[in-house]
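Single-structure report; data block below.
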Amino acid sequence: MRISAISIDMFQTLINVDKRAENIWRAILGEQYHPDSIKKYIQEYYIFLSKAMGKVYETNEFINLRTIFTDIFSLIKHNNNYNFIAEEAADILMEEHSKSCFFTDATAFLNQWNHSCELWISSDADHIMIDPLLSKIEFDKKFISEDLKAYKQDKKNRFFKKVLLETCIDRDEILHIGDSPSDVIGAKNVGIKTCWINRLKTEWNKQSTPDYIIYDLMELPELLQRIEG
878 MRISAISIDM
888 FQTLINVDKR
898 AENIWRAILG
908 EQYHPDSIKK
918 YIQEYYIFLS
928 KAMGKVYETN
938 EFINLRTIFT
948 DIFSLIKHNN
958 NYNFIAEEAA
968 DILMEEHSKS
978 CFFTDATAFL
988 NQWNHSCELW
998 ISSDADHIMI
1008 DPLLSKIEFD
1018 KKFISEDLKA
1028 YKQDKKNRFF
1038 KKVLLETCID
1048 RDEILHIGDS
1058 PSDVIGAKNV
1068 GIKTCWINRL
1078 KTEWNKQSTP
1088 DYIIYDLMEL
1098 PELLQRIEG
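Residue numbers for the sequence shown follow my numbering, beginning at 878 and rising by one.
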């Protein structure tokens, strides 16, 4: 099977946002920040994010990430009696995304990429989060949720359907790579082959399973050779 295009997720696949967690929460909480509570902050945020995105996936109305983040921080503020302003917290989070660094293996992969097929960036992001990072990558096409007005795990599969409509490549010749269930579920729902980047070596716990699993992006060239026989 020939692979004519690789579609790859940005945040937590190429870009390590988690490494900036302390910067994010220190800037948001100010004097209320406690280093020993960083895991609590992150865990609570991801719980609210999962619930918020689950609701967004079920609606036909597109809501940008700044609005979603603002709503999440409003809930976190209420639950913990924090003093920050939710809109400012959302802006801090988005700015910190744009300042995040590439994973070491992502840098190595991009530096050694031989352009044997097209490379697409496919990301659930607002432009303010991702644009400063896009200039650091050589890619052929970009698909950003703020442009497509849909997220990857949208119940009507609008994100990846629009990807297919905007390209001339058959879905059987596309491999989508990402770190999250939305990457795998969304792409598989439209018949695109999927690869889960599982750096933390955790167990997959969703019904829809990835076609391939790698633990480091430097494994990708060998995987492509196997796929193409």
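Glycine included, every Cβ here is placed at the ideal spot set by N, Cα and C.
Check	Outcome
Taking 7 Å as the limit between beta carbons, can you name the residues of its chain near Cys994, skipping five residues before and five after?	Ile880, Ser881, Ala882 and Ile883
Below 8 Å between beta carbons: does that hold for Trp1108 and Ile885?	Beyond the ends of the chain as shown, which are 878 and 1106, falls residue 1108; an answer cannot be given.
Going straight from the alpha carbon of Ala904 to that of Asp913, what length do you get?	16 Å
With a threshold of 7 Å on Cβ separation, who are the neighbours of Glu921 within its own chain once the five nearest residues in sequence on each side are excluded?	Ile953
If contact is defined by three or more beta carbon pairs under 8 Å, each pair taking one atom from either stretch, is the segment 1035-1048 in contact with the segment 954-968?	no
Return helix, strand or coil for Leu987, following the three-state DSSP convention.	helix
Name the DSSP bridge partner or partners of Asn893?	Cys978
Our contact map puts Ile1014 next to Leu987 with C-beta atoms below 8 Å; I'd like the distance itself, whole angstroms only.	6 Å
Can you find the residues in the same chain that come closer than 8 Å, C-beta to C-beta, to Asp1017, ignoring five residues on each side of it along the sequence?	Ala882, Glu995, Leu996 and Trp997
Rounding to the nearest angstrom, what Cα-Cα distance links Asn1034 and Asn1082 in this structure?	21 Å
Do Asp1003 and Leu1041 have their C-beta atoms within less than 8 Å of each other?	no
Answer with buried or exposed for Ile924, where buried requires no fewer than 16 other C-beta atoms within 10 angstroms of its C-beta.	exposed
How many angstroms separate the CA atom of Ala1187 from the CA atom of Ala898?	The shown model of the chain, from 878 to 1106, leaves out residue 1187, and the question about it has no answer.
Is it true that the segment 1086-1096 meets the segment 1066-1074, where meeting means three or more beta-carbon pairs spaced less than 8 Å apart?	yes
Could you check whether Trp902 and Ile892 sit closer than 8 Å to each other, using their CB atoms as the reference points?	no
Jot down the residue ranges of each uninterrupted alpha helix (DSSP H) in the segment 1073-1100, minimum 4 residues, whole runs only, in chain order.	none
Closest to Asp948 by C-alpha separation, out of Glu938, Ile962 and Gly1055, would be which residue?	Ile962
Quick check on DSSP: helix, strand or coil for Ala882?	strand
Please report the distance separating the alpha-carbon of Leu1025 from that of Lys932.	18 Å
Please classify Asp1008: is it buried, with 16 or more other beta-carbons within 10 angstroms of its beta-carbon, or exposed?	exposed
I'd like to know whether the C-beta atoms of Leu970 and Phe939 end up nearer to each other than 8 Å.	no
Answer with buried or exposed for Thr890, where buried requires no fewer than 16 other C-beta atoms within 10 angstroms of its C-beta.	buried
Would you kindly work out how many angstroms separate the C-alpha atoms of Gln1030 and Asp895, rounded to a whole number?	22 Å
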